[in-house]
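Colleague:
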Amino acid sequence: MSQPLLEVQQVFKNFGGFAALSGVNIYVNPGERLGLIGPNGSGKTTMINCISGLLTPEKGKIIFEGNDITQMTPHHRARAGIMRTFQIPKPFNSMTVVENLCIPLEYAAEHKTSLSVAEEEARKILTLIGIEALGDLKPTGLTQVDMRKMELARSLAGRPKLLILDEVMAGLSGSEVDEILEILFKLNEQGITIIMIEHVMRAVLGFSKRISVLNTGLNIAEGTPDEILNNPEVEKVYLGE
Amino acid sequence: MVSIDLLLNAVVAGILIGGFYAAVSLGISVVFGLLDIANIAHPLFVITGSYFTFYLNSNFGLDPILVGLILMPLFFVIGNIVYQSYYHFFEKQGAEPLRGLVFFFGVLFLIEVSIIITFGVDYQLVEAAYLGESLNLGIVNVSYRLFIPFLVGVLLTTGLHFFFAKTFYGRAIMGVSQDSLALSLMGADPVRIKSVAFGIGIATASMAGALLVMILPIEPALGREYIGRVFAVAVLGGLGSVKGALFAAIILGIAESLTATYFGAAWSSGVSFGFLLLVLAVRPAGLFGR
Amino acid sequence: MLLFLGAFLITQNFHNQYYYLAAFTVLQYIILSQGWNILGGYTGYVNFGTGAFFGVGAYTSAMIVKTFKIGKSAPFLELPILFIAGGLVAALLGLGLGYLTMRIKGIYFSISTLALAFVTVTIILNIDALGGATGLYIIRPRKIPFFTNYMEFLFLVMVALSIFAVAFARYIENSWIGRGLSAVRDDEDAAECTGVPVLKLKVFATMASSTLMGVAGAAYPYFVTFLEPISTVSLDVGVNSLAMPLIGGTSTWAGPLVGAVLLGIIQQIALVTLSPEYSLLVIGILLVSFVILAPEGIVGLFRKFRASLKK
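Residue numbers (the numbering used here), protein chains in the order written: chain A, 11 to 251; chain B, 12 to 301; chain C, 7 to 317.
1. Rounded to the nearest angstrom, how far is the Cβ of GLY281 (chain B) from that of THR128 (chain C), given a contact under 8 Å?
2. In chain C, which residues lie with their C-beta within 7 Å of the C-beta of LYS100 (chain A)?
3. Under three-state DSSP, which class holds GLU192 (chain A)?
4. Suppose contacts are defined by Cβ-Cβ distances below 8 Å. Is LEU82 (chain B) in contact with PHE101 (chain B) by that definition?
5. Considering ASP176 (chain A), what are the terminal residues of the beta strand (DSSP E) in which it resides?
6. What are the residues in the stretch 193 to 219 of chain A lying within 9 Å of chain C by C-beta distance?
7. How about PRO235 (chain A) and LEU215 (chain A): do their beta carbons lie closer than 8 Å?
8. Please determine, among B:GLY143, B:VAL132 and B:LEU157, the residue with the shortest C-alpha to C-alpha distance to LEU223 (chain B).
9. Between the stretch 109 to 139 of chain B and chain C, which residues of the former have a C-beta closer than 7 Å to a C-beta of the latter?
10. Does the beta carbon of PRO262 (chain C) come closer than 8 Å to any beta carbon on chain A?
11. Quick one: list the residues of chain C neighbouring ALA292 (chain B), beta-carbon separation under 7 Å, in chain order.
12. Determine which residues of the stretch 160 to 191 of chain A have a Cβ less than 7 Å from any Cβ of chain C, and write them out in chain order.
13. Is there a C-beta anywhere in chain A that falls below 8 Å from the one on THR128 (chain C)?
14. So, are the CB atoms of ASP193 (chain C) and LYS159 (chain A) less than 8 Å apart?
15. Measure from the C-beta of PHE96 (chain A) to each C-beta in chain C and report whether the shortest distance is under 8 Å.
16. How big is the Cα-Cα spacing for TYR97 (chain B) and LEU112 (chain B)?
17. Cα separation between ALA58 (chain C) and THR212 (chain C)?
18. Please tell me whether ILE213 (chain B) and PHE86 (chain B) are closer than 8 Å, where the distance is taken between their beta carbons.
19. From the DSSP output, read off the bridge partner residues of GLU17 (chain A).
20. Counting along the chain, where does the beta strand (DSSP E) carrying GLY233 (chain A) start and finish?
21. With C-beta atoms as the reference, is ALA166 (chain C) less than 8 Å away from PHE60 (chain C)?
22. Do ILE141 (chain A) and LEU173 (chain A) count as a contact pair if the criterion is CB distance below 8 Å?
23. Does the beta-carbon of VAL244 (chain A) have 16 or more other beta-carbons within 10 angstroms, so that it is buried, or is it exposed?
24. Does any residue of chain C have a CB that is nearer than 8 Å to the CB of ALA132 (chain A)?
25. Taking C-beta to C-beta, are GLU123 (chain B) and PRO201 (chain B) nearer than 8 Å?
26. I want to verify the contact list: residues of chain A whose CB lies under 7 Å from the CB of SER188 (chain C), in sequence order.
27. Rounded to whole angstroms, what is the Cα-Cα separation between GLY48 (chain A) and LYS54 (chain A)?
28. Nearest-angstrom Cα distance between VAL78 (chain B) and GLN135 (chain B)?
29. Using a C-beta to C-beta distance shorter than 9 Å, which residues of chain E count as neighbours of PRO203 (chain C)?
30. So, does the CB of PRO301 (chain C) fall closer than 8 Å to a CB anywhere in chain B?
31. Does the stretch 16 to 26 of chain A touch the stretch 65 to 78 of chain A, meaning 3 or more C-beta pairs lie closer than 8 Å?
32. Considering only C-alpha positions, which residue in the set B:ALA52, B:PHE284 and B:ILE226 is nearest to VAL141 (chain B)?
33. Would you mind working out which of B:THR270, B:ARG240, B:LEU162 and B:GLN104 sits nearest GLY30 (chain B), comparing C-alpha positions?
34. Three or more C-beta pairs under 8 Å: does that hold for the stretch 131 to 139 of chain C against the stretch 255 to 271 of chain B?
35. What span of residues does the alpha helix (DSSP H) with SER280 (chain B) cover, start to end?
36. So, is PRO84 (chain B) buried or exposed, given that buried needs 16 or more other C-beta atoms within 10 angstroms?
Structure follows, in structure tokens:
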């Protein structure tokens with residue numbers, strides 16, 4: 011049996027007195043599509059920050075491709091192939107969209123390629139996502155949807171093995187959700203492993219092979235989308251008593 | 012041998028100076044700590060207060076403390092105006108905080124240069140009958156020149172502490188620092204509350220300025236030295252904590268006074284900045300912070 | 007290169023000393039502004055304490071002049087040694103500050119730089135070997151081959167250094183380093199997560215910036231011939247080196263250049279016709295107005311103007 015691409019083992023994270031994660035376990039296999047759901051404050055974003063390295067857990071281990079990366083800096087993790095988007099997009103506002111993509115291309119993917127090569131690459135990725143027309147605009151002028159697409163494109167520019175999407179669908183219309191889902195399926199077919207954190211249930215249920223549910227910093231359920239839908243525990247958490 | 016007299020006098024002088032430092036730093040604790048605006052020009056507002064006090068004292072013989080009190084409403088209004096323009100030009104447009112910082116740095120120089128042009132660079136001091144006297148408590152000598160500013164400083168701090176804890180506006184200001192969205196949902200206007208808070212911060216500068224000119228002769232560039240003190244006190248005391256600021260100010264006062272006694276006065280003005288560097292490098296949340 | 011040759015010809019034919027003194031100050035500020043802008047403009051960390059780095063460079067150079075007296079035996083070798091030493095010591099100071107404070111918020115960094123300037127003054131004031139409060143006299147070499155006097159030679163060296171500073175800033179701006187620095191300025195978390203080594207780049211920018219400041223400082227003792235801590239490590243140096251790039255425009259190397267030349271000249275005029283206070287007042291007013299009204303600086307205004315012409 012092949013080993014998981016990423017394994018999160020018994021991770022704890024506190025903020026002051028507040029326990030955001032109390033021993034969470036997550037794994038994702040190469041090429042898999044994992045959904046991560048849970049109510050607000052259940053620790054999903056904290057989990058992502060621990061995986062991408064912006065936070066360091068107090069206890070527990072994070073293992074990527076068999077290596078312990080718990081203490082690794084975020085930029086080294088990005089170079090190792092873990093890329094993410096942010097729940098609230100964090101574009102580089104002083105740069106154009108193409109320049110935004112050049113940062114991961116130069117720093118994470120192929121270090122020190124020439125700028126013209128990077129720009130060409132960037133435009134290819136924008137075409138893949140369908141926003142090639144926006145290449146020379148500044149992010150401040152983008153719509154919400156385009157901004158999220160740009161974030162997605164920027165994380166693809168890092169040539170990820172593992173792509174973590176933190177609520178990319180929030181605020182999008184039905185057709186826009188479908189549009190992005192289609193892109194994500196395509197990427198997954200190309201071999202990129204994806205973890206999707208999402209409140210838009212239709213998207214996460216339709217996309218994931220397997221779903222893991224968090225509540226108050228603990229795993230409460232795991233299984234296929236159907237199993238999760240019929241899990242009484244999950245229903246209780248989402249709908250209340 | 013360490014003389015007990017010397018040590019005790021140095022510590023007492025430090026505590027007294029500390030009470031005064033608290034008054035100087037209150038404005039920063041409020042404005043930087045609660046509103047997250049790094050008003051680096053605050054010490055220059057204090058110096059402005061000192062020059063007003065000097066002017067009114069030397070021309071009309073008004074008591075410095077009285078002048079400090081009279082000027083508070085005026086400074087409150089000035090603070091209001093400064094915040095309104097800061098809000099208009101920076102906060103509303105979502106400008107990066109660093110631009111605001113540079114703005115206040117520019118204001119600092121403008122005030123300083125204006126004072127130089129108006130009053131010149133000579134040292135100035137105020138007169139009041141009680142300032143020359145001192146209280147003799149055994150081996151410790153307490154001069155009124157230090158004791159009165161200490162007392163007023165502590166009173167001002169206590170007053171502000173109760174204002175934040177007990178009154179509606181005080182609690183609104185505390186609230187605005189935590190969650191201005193929630194506050195605006197409750198029907199309070201965060202901009203108005205913030206401009207009141209900023210006004211209060213600047214109002215404390217008029218009193219602090221009056222105290223400053225009672226303690227020692229003033230000159231325009233003196234404000235620069237206080238930048239270190241006010242930020243050291245505000246950061247050390249835990250941002251936004253009025254009570255913490257008082258303790259931090261007293262610690263700083265004692266440290267400076269001991270340094271001056273044992274290493275010479277020339278080192279003591281660097282103490283606060285050294286303190287500040289150390290605190291920022293080691294424990295940015297402050298001694299009394301979380 | 008052409009600029010340098012032009013400057014050389016000037017030194018050979020034109021001998022009004024006042025203009026050399028004025029030009030020295032302007033050139034000094036070109037170097038300081040470019041240095042400031044690498045950290046302040048490209049990376050977004052506002053440094054109020056330029057005086058500390060400038061002063062450390064100046065004192066290092068003065069101490070070497072006093073101790074080793076290289077000038078007599080190797081007049082053309084002395085200045086490069088002073089520059090390297092001044093730049094190196096300032097860079098070390100930058101390294102220390104960088105590591106101590108770069109993990110904290112930008113505003114705290116700015117306040118720390120202010121603190122650094124004051125601590126530096128206090129230390130120099132209290133060390134007798136550095137002249138303490140009385141200051142140090144540095145004797146400028148009287149003669150130098152090929153030049154009528156040393157000031158003209160110093161002017162030429164400053165022209166070369168300024169060209170170097172501009173070229174260096176331009177190189178950083180257009181390289182992958184510069185793009186990484188912009189990413190750091192825009193959003194540190196996003197930069198980290200896209201592979202940018204944020205801390206390393208910030209420390210690099212602090213060191214590059216302080217090196218230029220130290221080099222500018224290293225030339226200063228021979229210019230003033232009398233070194234004294236309060237005016238050398240002054241906040242005035244800090245405000246000038248910050249106002250010039252901000253008024254010129256921080257996004258590109260042209261900004262600090264334009265700002266330094268323009269403000270440097272205005273200041274020299276104000277200094278002669280009015281007084282030092284008014285020259286500082288001018289800077290203050292311009293700084294505040296530009297921060298409020300034209301945060302992109304003169305270069306930004308020029309770009310907007312050009313864009314509106316195109317339409």
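We treat Cβ as the ideally placed atom computed from N, Cα and C, and that holds for glycine.
Modeller: On the basis of the coordinates in this document:
1. As a working mapping, residue 281 (chain B) is identified with position 270 in the second sequence. As a working mapping, residue 128 (chain C) is identified with position 122 in the third sequence. So it is a contact: roughly 3 Å between Cβ atoms.
2. Along the first sequence, one-based indexing puts residue 100 (chain A) at 90. Here the neighbours are ASP193, ASP195 and ALA196.
3. Here residue 192 (chain A) refers to the residue found at position 182 of the first sequence. Note: GLU192 (chain A) maps to helix in three-state DSSP.
4. As a first step, residue 82 (chain B) must be located in the second sequence, where it is residue number 71. As a first step, residue 101 (chain B) must be located in the second sequence, where it is residue number 90. It is not a contact, given that the beta carbons lie outside the stated cut-off.
5. If you number the first sequence from 1, residue 176 (chain A) lands on position 166. It spans 172 to 176 - the beta strand (DSSP E) in which ASP176 (chain A) sits, taken as one unbroken run.
6. none
7. As a working note, residue 235 (chain A) is residue 225 in the first sequence. As a working note, residue 215 (chain A) is residue 205 in the first sequence. Yes, the pair counts as a contact, with Cβ atoms nearer than the cut-off.
8. For the purposes of this step, residue 223 (chain B) is taken as residue 212 along the second sequence, with counting starting at 1. Checking every option, the nearest Cα to that of LEU223 (chain B) belongs to B:LEU157.
9. LEU109, ARG110, LEU112, VAL113, PHE114, PHE116, GLY117, VAL118, PHE120, LEU121, VAL124, ILE127 and ILE128
10. Locating residue 262 (chain C) in the third sequence gives position 256, where the first residue counts as 1. No, because no Cβ of chain A sits closer than 8 Å to the Cβ of PRO262 (chain C).
11. Taking the first residue of the second sequence as position 1, residue 292 (chain B) is located at position 281. Result: LEU106 and THR107.
12. ARG164 and GLY168
13. By 1-based counting over the third sequence, the position of residue 128 (chain C) is 122. No, because no Cβ of chain A sits closer than 8 Å to the Cβ of THR128 (chain C).
14. Your numbering for residue 193 (chain C) matches position 187 in the third sequence. Your numbering for residue 159 (chain A) matches position 149 in the first sequence. In this structure, LYS159 (chain A) does not lie closer than 8 Å to ASP193 (chain C) by Cβ.
15. Position 86 of the first sequence, counting from 1, holds the residue named residue 96 (chain A). Yes, its Cβ sits closer than 8 Å to a Cβ of chain C.
16. The residue you call residue 97 (chain B) lines up with position 86 of the second sequence. The residue you call residue 112 (chain B) lines up with position 101 of the second sequence. Going by the C-alpha atoms only, they are around 10 Å apart.
17. Within the third sequence, numbered from 1, the residue matching residue 58 (chain C) stands at position 52. Within the third sequence, numbered from 1, the residue matching residue 212 (chain C) stands at position 206. The straight-line gap from Cα to Cα measures roughly 13 Å.
18. Along the second sequence, read from residue 1 onward, the residue named residue 213 (chain B) stands at position 202. Along the second sequence, read from residue 1 onward, the residue named residue 86 (chain B) stands at position 75. Cβ atoms of ILE213 (chain B) and PHE86 (chain B): closer than 8 Å.
19. By 1-based counting over the first sequence, the position of residue 17 (chain A) is 7. DSSP output for GLU17 (chain A) lists A:TYR37 and A:ILE73 as bridge partner(s).
20. For this step, residue 233 (chain A) is matched to residue 223 along the first sequence. That run of the beta strand (DSSP E) goes 228 to 233.
21. Position 160 of the third sequence, counted from the first residue, corresponds to residue 166 (chain C). Position 54 of the third sequence, counted from the first residue, corresponds to residue 60 (chain C). No, the Cβ-Cβ distance between ALA166 (chain C) and PHE60 (chain C) is not below 8 Å.
22. The residue you call residue 173 (chain A) lines up with position 163 of the first sequence. The residue you call residue 141 (chain A) lines up with position 131 of the first sequence. Not in contact: LEU173 (chain A) and ILE141 (chain A) (Cβ atoms no closer than 8 Å).
23. Start at 1 with the first residue of the first sequence, and residue 244 (chain A) comes out as number 234. So VAL244 (chain A) counts as buried.
24. Locating residue 132 (chain A) in the first sequence gives position 122, where the first residue counts as 1. No, its Cβ sits nowhere closer than 8 Å to a Cβ of chain C.
25. For the purposes of this step, residue 123 (chain B) is taken as the residue at position 112 of the second sequence. For the purposes of this step, residue 201 (chain B) is taken as the residue at position 190 of the second sequence. It is not a contact, given that the beta carbons lie outside the stated cut-off.
26. In the third sequence, the residue the question calls residue 188 (chain C) occupies position 182. By Cβ distance, chain A contributes PHE102, SER104 and MET105.
27. Residue numbering aside, residue 48 (chain A) sits at position 38 when the first sequence is read from its first letter. Residue numbering aside, residue 54 (chain A) sits at position 44 when the first sequence is read from its first letter. If you take the alpha carbons of GLY48 (chain A) and LYS54 (chain A), they lie about 7 Å apart.
28. For the purposes of this step, residue 78 (chain B) is taken as residue 67 along the second sequence, with counting starting at 1. For the purposes of this step, residue 135 (chain B) is taken as residue 124 along the second sequence, with counting starting at 1. About 16 Å.
29. Judged by its chain identifiers, the structure shown contains no chain E, and its protein chains are A, B and C.
30. Stepping through the third sequence from its first residue, residue 301 (chain C) is reached at position 295. For PRO301 (chain C), the answer is yes, since a Cβ of chain B falls inside 8 Å of its Cβ.
31. yes
32. The count along the second sequence starts at 1 and reaches residue 141 (chain B) at position 130. Strictly speaking, residue 141 (chain B) in this sequence is Tyr, with Val absent from that position. If we check each option's Cα against that of TYR141 (chain B), B:ILE226 comes out closest.
33. Working through the second sequence from its first residue, we reach residue 30 (chain B) at position 19. Cα-wise, what sits closest to GLY30 (chain B) is B:LEU162.
34. no
35. As a first step, residue 280 (chain B) is located in the second sequence; it is residue number 269 there, counting from the start. From DSSP, the alpha helix (DSSP H) with SER280 (chain B) extends over 276 to 293.
36. As a position in the second sequence, residue 84 (chain B) is number 73, starting the count at 1. Exposed, since its Cβ has fewer than 16 Cβ neighbours within 10 Å.
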